[in-house]
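Asks: Be aware that the sequence shown starts at 2, since it is given in the numbering used here, and climbs by one per residue. Where a beta carbon is used, it is the ideal one built from N, C-alpha and C, also for glycine.
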Amino acid sequence: MSMFKKTCFSCGSKVDALYEGICDVCVKEQYPPIYEVKPMNFKICNTTKRISWNNHYYPIEEFRGILFDVVRKHVVLNPQYELKELRVENIAIEGHKLEFDIEVDCDLKKV
Numbered sequence: 002m003s004m005f006k007k008t009c010f011s012c013g014s015k016v017d018a019l020y021e022g023i024c025d026v027c028v029k030e031q032y033p034p035i036y037e038v039k040p041m042n043f044k045i046c047n048t049t050k051r052i053s054w055n056n057h058y059y060p061i062e063e064f065r066g067i068l069f070d071v072v073r074k075h076v077v078l079n080p081q082y083e084l085k086e087l088r089v090e091n092i093a094i095e096g097h098k099l100e101f102d103i104e105v106d107c108d109l110k111k112v
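What follows is the structure, given as structure tokens:
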């Protein structure tokens with residue numbers, strides 16, 4: 002920890018380290034960790050509520066097991082972040098939609 006603090010050019014807060022002149026909080030606001038989520042194209046059977054992925058129908062319980070791997074392949078992070086943890090939570094079928102939350106825990110790469 003430094004004796005002298007640096008000032009963030011964006012918010013003015015005093016911090017130990019800056020990333021291109023701004024603090025970690027401002028970087029995360031200006032450049033969110035998730036850059037893109039590529040389409041996953043899931044389909045849900047109207048009668049059985051099974052989920053179709055890659056021409057195979059899965060019961061929801063079985064699909065929960067592969068969903069993490071599918072999401073991991075389709076979430077693109079901003080290049081200035083390093084992934085620590087990815088979580089898929091609150092998986093549910095609502096009508097004709099598959100809903101779930103994606104949470105990422107990332108650190109800024111050191112420059």
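What are the start and end residues of each continuous alpha helix (DSSP H) run of 4 or more residues lying completely inside the region 42–88, in chain order?
Replies: Here the runs fully enclosed are 61–75.
Asks: Once you ignore the five residues that flank F43 on each side, which residues in its own chain have a CB closer than 8 Å to its CB?
Replies: The count along the sequence shown starts at 1 and reaches residue 43 at position 42. Cβ neighbours of F43 beyond the five flanking positions: I52, S53, W54, L99.
Asks: Helix, strand or coil for E30, going by three-state DSSP, please let me know.
Replies: Here residue 30 refers to the residue found at position 29 when the sequence shown is read from its first residue. Helix, per DSSP.
Asks: What residue does the beta strand (DSSP E) around D106 start on, and which one ends it?
Replies: Position 105 of the sequence shown holds residue 106. D106 -> beta strand (DSSP E) spans 98–109.
Asks: Would you mind working out which of D102, F101, P80, N47 sits nearest C34, comparing C-alpha positions?
Replies: Within the sequence shown, the letter at position 33 stands for residue 34. Before going on, a small fix: residue 34 reads as Pro here, not Cys. If we check each option's Cα against that of P34, P80 comes out closest.
Asks: Quick check: what's the CA-CA separation for V76 versus M4?
Replies: Here residue 76 refers to the residue found at position 75 when the sequence shown is read from its first residue. Here residue 4 refers to the residue found at position 3 when the sequence shown is read from its first residue. When rounded, the distance between both Cα atoms is 39 Å.
Asks: Mind reading off the beta-carbon distance from C107 to E83? Whole number of angstroms is fine, and I expect it under 8 Å.
Replies: The sequence position of residue 107 within the sequence shown is 106, counting from 1. The sequence position of residue 83 within the sequence shown is 82, counting from 1. Going by Cβ atoms, the distance from C107 to E83 rounds to 6 Å, so yes, they are a contact pair.
Asks: So the candidates are K6, K29, V28, F10; which of them puts its Cα closest to the Cα of A18?
Replies: If you number the sequence shown from 1, residue 18 lands on position 17. Out of K6, K29, V28, F10, K6 has the C-alpha closest to the C-alpha of A18.
Asks: Under 8 Å by Cβ, that's how I've got I67 and K50 pegged, so tell me the actual separation to the nearest angstrom.
Replies: Residue mapping note: residue 67 aligns to position 66 of the sequence shown, counting from 1. Residue mapping note: residue 50 aligns to position 49 of the sequence shown, counting from 1. 17 Å between Cβ atoms; not a contact.
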